[in-house]
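>
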């Protein structure tokens, strides 16, 4: 609970006032059985209607005051729990945003989503109920026992047996259910992962006609979760009947002892009713405690899972001292660079040696699995090279902080990602203070100006979730505009023009060449037409360089590039004819 207590510490006033007001409510509840005893022993026994009405008025006052303090207590507990949970969610979210690609893959997307949603909600519910009941319920349980001793010592001895027995039952159930709730959370993660994979890959699933296989997989995982929940539910379900059985035995014992003492004139009927009421109060509070413990076991499990994420090393890059000035005009240089993914035995890249001057363009081409995406990840510093060096403007990439790299590099990924909002909102993600003119300039360079001009609301045109109200080519051009608006020194186009026709793509490359700040461009593609105008082209095959030069040079010296070029352009010629 230290984890939750740390966040509740920011809301000390609410965290203190909530249990205090609940204690006040409990005091009034403990006085009610004594008032009831007086009504029976004095009012009813003497047929004194005035006394009965007076005592009923006292009960009404207790009820009203108890209601008011209960509402105040619940307000403070809810405020503390909701705010603390919001802070946990923020901390987890911002911590995840610092993760490298390797850390994200290690944690798992489904697991992170479950933790930041379901686990935080479990912690919130646990904190809310804890603040309301952690003092009130024990206070009523032990208060009822003490009050019973003021009524009759011999009958009250039953409470000394019942309360420890109930405590033992609650402890055993909590001990058995805590690890099971963790397994339930893991089962939920598996289902969420399956749902995400099926939604993202629905076209592939339909194309290969494996709907039945995926359906069986989902049913198996659902059945597994069902089994875990049933197993946990059976243990949790033992709590109420077990506590009811013990309490009822306690009430029967009180009635048996009290009956003899009433007949002997030692105990009154009203006092017997008060003892039974105190036992009933203990029952109610122990049921509440049992529910609290179930919530706390879930919350404790969730706290542990959230703490795991916050304790994970986000692999933030440490900014080391670099050279005070750039050593030469070289923008990007790979020196004997090799890279192997963590946990893999095979190298993804081997012996890469290439350099590119400021303002020039480097094309990277190759087939599927050739290492193009791996090279991009190294350029974005998602990973460090296994061996060799990657220099940016003469300095090792490791000497740049994350903030410097984000400012320096504009990356347009293979999949065009647009966020719910407006066009201007999406553009300003890269530069929050971008002016309207800057947005139009970026759109014009990205060949997206006409797209926006044709929209009714122009820059304020809504963007639906995932940009579903734009075509693939339109989304690609808008994401290119977003990268250009911050005027990066290095622009990486990672197969980001695949949905554009050759004419639009040519206009895009011409516009990039004319940009006033002359960025260094890295264009990754499987299409020869996308890289053929680059100053240098690196050809990759199986993670190894097999060609480096201009398009004309590679057509003479690199068979793989020649094959890609010839195949694609001959296909286009055949299509025209």
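Residue numbers (UniProt numbering): 1 to 577.
Heads up, the beta-carbon is just placed ideally off N, CA and C, and yes, glycines get one too.
1. Check each candidate in 60, 231, 64, 116 and name the one with the smallest Cα separation from residue 86.
2. Give me, in chain order, the residues of the same chain whose beta-carbon lies closer than 8 Å to that of residue 37; leave out the 5 immediate sequence neighbours on both sides.
3. Taking the alpha carbon of residue 534 as the point to measure from, which residue in 394, 541, 497, 550 has its own alpha carbon closest?
4. Quick check on residue 83: does DSSP put it in helix, strand or coil?
5. Please state the DSSP three-state secondary structure of residue 461.
6. Less than 8 Å between the C-beta atoms of residue 464 and residue 436, yes or no?
7. So, residue 503 versus residue 476, is the Cβ gap smaller than 8 Å?
8. Residues bridged to residue 343 by DSSP?
9. How do the segment 348 to 362 and the segment 476 to 485 stand: do at least 3 beta-carbon pairs fall below 8 Å, yes or no?
10. Assuming residue 565 contacts residue 547 (C-beta within less than 8 Å), just tell me the rounded distance between them.
11. Pull up the DSSP beta-bridge partners for residue 232, would you.
12. Hey, is the segment 1 to 16 in contact with the segment 50 to 58, meaning 3+ C-beta pairs nearer than 8 Å?
13. Do you know how far the Cα of residue 51 is from the Cα of residue 39?
14. Just to confirm the assignment, what range does the alpha helix (DSSP H) spanning residue 137 have?
15. Would you grab the beta carbon distance between residue 242 and residue 169 for me? Rounded to a whole angstrom, and I think it's under 8 Å.
16. Roughly how far, in whole angstroms, is the beta-carbon of residue 76 from the beta-carbon of residue 17, given that I think they are within contact range, below 8 Å?
17. When you compare only the Cα positions, how much space is there between residue 123 and residue 15?
18. Can you tell which of 108, 132, 193 has the C-alpha that lies nearest to the C-alpha of residue 288?
19. Please list the terminal residues of the continuous alpha helix (DSSP H) segment that includes residue 441.
20. Residue 491 and residue 521 look like a contact to me (Cβ under 8 Å); what is the Cβ gap, rounded to whole Å?
21. Contact between the segment 394 to 402 and the segment 446 to 458: three or more CB pairs below 8 Å?
22. Distance check for residue 294 and residue 180, CA to CA, integer angstroms please.
23. Taking the straight line between their C-alpha atoms, what separation do you get for residue 380 and residue 408?
24. Can you give me the start and stop residues for the beta strand (DSSP E) that residue 354 sits inside?
25. What is the rounded straight-line gap between the Cα of residue 33 and the Cα of residue 183?
26. What are the boundary residues of the alpha helix (DSSP H) that includes residue 449?
27. Could you give the DSSP three-state label for residue 479: helix, strand or coil?
28. Between the segment 62 to 69 and the segment 294 to 306, do three or more beta carbon pairs fall short of 8 Å?
29. For residue 128, which of 45, 291, 54 has the nearest alpha-carbon?
30. Tell me the rounded alpha-carbon separation between residue 494 and residue 376.
31. Can you tell me whether residue 489 is helix, strand or coil according to DSSP?
32. Quick one: residues in its chain with C-beta nearer than 7 Å to the C-beta of residue 191, no 5 flanking neighbours on either side, listed in chain order?
33. For residue 330, which residues from the same chain have a beta carbon less than 8 Å from its beta carbon, with the 5 sequence-adjacent residues on both sides left out?
34. Would residue 523 pass as a contact of residue 361 if the rule is Cβ separation under 8 Å?
35. For residue 2 and residue 121, what's the separation of their Cα atoms in angstroms?
36. Near residue 278, which residues of its chain fall below 7 Å by C-beta distance, leaving aside the five closest residues on each side in sequence?
Taking the coordinates as given:
1. 116
2. 151, 268, 270, 271, 273, 274
3. 550
4. helix
5. coil
6. no
7. no
8. The partner list for residue 343 (beta bridge, DSSP) is empty, contrary to what the question assumes.
9. no
10. Incorrect: roughly 11 Å between the Cβ atoms, too far for contact.
11. Answer is none; residue 232 lacks a bridge partner.
12. no
13. The C-alpha of residue 39 lies about 8 Å from the C-alpha of residue 51.
14. 136 to 151
15. Between residue 242 and residue 169 the beta-carbon gap is near 5 Å, inside 8 Å, which marks them as a contact.
16. 5 Å
17. Cα to Cα, the separation comes out at about 15 Å.
18. 132
19. 436 to 445
20. That belief holds up - the Cβ atoms of residue 491 and residue 521 are roughly 5 Å apart, short of 8 Å.
21. no
22. 11 Å
23. 10 Å
24. 349 to 357
25. The C-alpha of residue 33 lies about 44 Å from the C-alpha of residue 183.
26. 449 to 453
27. helix
28. No contact exists between the segment 62 to 69 and the segment 294 to 306.
29. 291
30. Approximately 7 Å between the Cα atoms of the pair.
31. coil
32. So the list reads 221, 222, 225, once near-sequence residues are dropped.
33. So the list reads 355, 356, 357, 358, 391, 393, 394, once near-sequence residues are dropped.
34. yes
35. For residue 2 and residue 121, the distance between alpha carbons rounds to 17 Å.
36. Here the set comprises 33, 144, 147, 148.
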